[in-house]
Amino acid sequence: MATACIDKRAYTEKETATYIGMSRSFLRQSRMEGHRGNRTIAPPFIKIGTAVRYLKEDLDAWLDSHTKRDHLSQGGDFHA
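Note that the sequence shown covers residues 1 to 80 in our numbering.
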């Protein structure tokens, strides 16, 4: 019996952390605390019952929303 390969639309916290290259603790803290100060805003998430999921299209949009920089001094926030 062959198994079909299904492209996932909703990712678990662990899958999301791997996909975006951030830690699970970043996702948890930002989800619980919301946006604070100069922290990176977390990607949007959904809840299905008690399960937290992240939609692939939201993750892609979140990644695309971050400015690409040639070097650290472009942001104005970096002080050596």
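Each residue gets a CB set at the ideal place from its N, CA and C atoms; glycine is no exception.
Here the structure is a predicted model, which is why all the values come from computation and not from measurement.
A Cβ-Cβ separation of about 6 Å places L27 in contact with T16 under the 8 Å criterion.
Going by DSSP, A42 is part of no beta strand (DSSP E) at all; its letter is neither H nor E. In this model, V52 and T12 are separated by some 7 Å (Cα to Cα). In the three-state DSSP reduction, R31 falls in the helix class (H, G or I).
DSSP links A51 through a beta bridge to I48.
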